[in-house]
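Novice: Numbering (the numbering used here), first residue to last: 816 to 1166.
We put the CB at the ideal spot given by N, CA and C, even for glycine.
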Amino acid sequence: MRVRFWVAVLAICAFAAAQTGGSVNDVVSLVRSAIQTGQPDNEVAKALHRIKLAESLDQYTIEELQAEGAGPKALAELERLRKISAGLPHPATAALQPRPAPLPDEQKRIVDLARESAVNYIKSLPDFICMEMVRRYDDTRGKLLDTLTLKLSYFEQKEKYQLLTINGRATFLPYESVGGAITEGEFGSLLAEVFDPRSAADFQWDHWTTLRTRPAQVYSFRVAVARSHYRIVVGGRGTRDETVAGQHGFVYVDAETSQTVRVATEADSIPRDFPVLGSSTTLDYGFVEIGGRQFLLPLHADARAASSCCRCTPTRGCTLCRWRPATTWSSIRTRSSARTRALRSPKNNDE
């Protein structure tokens, strides 16, 4: 087994090293072969890093490979390839054939159902307390900067954050004082803002996908800055600078329940003189048992922010800093005054 393992790794690496004008089909074959032979995620990522595509890689292909078992490091490399290949020609033949799009009337019906669910989402949440883990990374190097542990209390449709530890050491500092990139509002505001009728979001069909083994419909959306409630805040308890940005992205709607199970949003129309140059968040939802009932709650959030760090030189210009806080939640329990109306959970739900 050990000999076969190393032979397979070397074969993948040799294949990738030779790809200076690789196709999307080559990428799919490489990843599928690695999954079938049980290659380590980091080796697959290294192989993908050597590929230079001659065609554009789309989001649908990445999501299908994720559903088939591609690991997080391989997915990060696939996302990198998607971005740098965006301006290249489309493959002559799709590597993975998507399902046909629903008819326009069906698309409208699904979006309306997803909107109804989202608008009622906050009202449906019980009062609860949970532990929140935030790992913040330097996104340019993938280096872990620090780990924050917080207690999140959700009471009467409002979130309250209490910072408990920084890198495992107890602290009494307020959450806002830690600096860098932090996120708030995942349990209510993000989903509500996208579907709020006042946001007048424009939804368009994009593609089918598979998310956590379940089929989902993906719709693109765009909210104009004049209608947006997407706030970006810089600074702590003292000096604060904030702006309202437009936003665009994708919503993933479960094919069975018509409930949103992922939101991927990116800020746009950010003022040029604002310290933050870019901001994006991907938030995954799933069904969690609280007090013996099933509720749709956030599972994981991955936020990314880019900012000019004011380290400027005449020859190199300004250094661009990128942060990535990755957030997970656990130990969710209800408060004594919790409401008990549960959202509908799918049958045989696989988280």
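Rounding to the nearest angstrom, what Cα-Cα distance links L911 and A882 in this structure?
Specialist: 13 angstroms
Novice: How about Q977 and L988: are their beta carbons less than 8 angstroms apart?
Specialist: no
Novice: Are the CB atoms of Q1032 and A1070 within a distance shorter than 8 angstroms?
Specialist: Cβ atoms of A1070 and Q1032: closer than 8 angstroms.
Novice: Can you tell me the Cα-Cα spacing of G1106 and P1113, whole angstroms?
Specialist: G1106 and P1113: Cα-Cα distance of roughly 17 angstroms.
Novice: Could you give the first and the last residue of the continuous beta strand (DSSP E) run that contains D1083?
Specialist: 1075-1083
Novice: By a C-beta neighbour count over all protein chains shown, 10 Å radius and 16 as the cutoff for buried, is D1099 buried or exposed?
Specialist: buried
Novice: Decide if the stretch 924-944 is in contact with the stretch 1010-1019; the criterion is three or more beta carbon pairs, one per stretch, under 8 angstroms apart.
Specialist: yes
Novice: Name the two residues that bound the continuous beta strand (DSSP E) containing A1031.
Specialist: In the DSSP assignment, A1031 falls within the beta strand (DSSP E) that extends over 1029-1038.
Novice: I need the boundaries of the alpha helix (DSSP H) containing K898, first residue and last residue.
Specialist: 887-899
Novice: At which residues does the beta strand (DSSP E) containing N1094 begin and terminate?
Specialist: In the sequence under discussion, the amino acid at residue 1094 is Ser, which differs from the Asn named in the question. Taken as a continuous stretch (DSSP letters only), the beta strand (DSSP E) holding S1094 covers 1091-1105.
Novice: Under three-state DSSP, which class holds T980?
Specialist: strand
Novice: Could you tell me how far apart the beta carbons of L890 and L872 are, in whole angstroms, since I believe they sit closer than 8 angstroms?
Specialist: At roughly 12 angstroms, the Cβ-Cβ gap does not stay under 8 angstroms, so L890 and L872 are not in contact.
Novice: How big is the Cα-Cα spacing for V843 and T876?
Specialist: 8 angstroms
Novice: In or out: C1133 buried (at least 16 other Cβ within 10 Å) or exposed?
Specialist: The predicted position of C1133 is uncertain, since its pLDDT is 37 and thus under 50; a value taken from the coordinates is nonetheless stated next. Classification for C1133: exposed.
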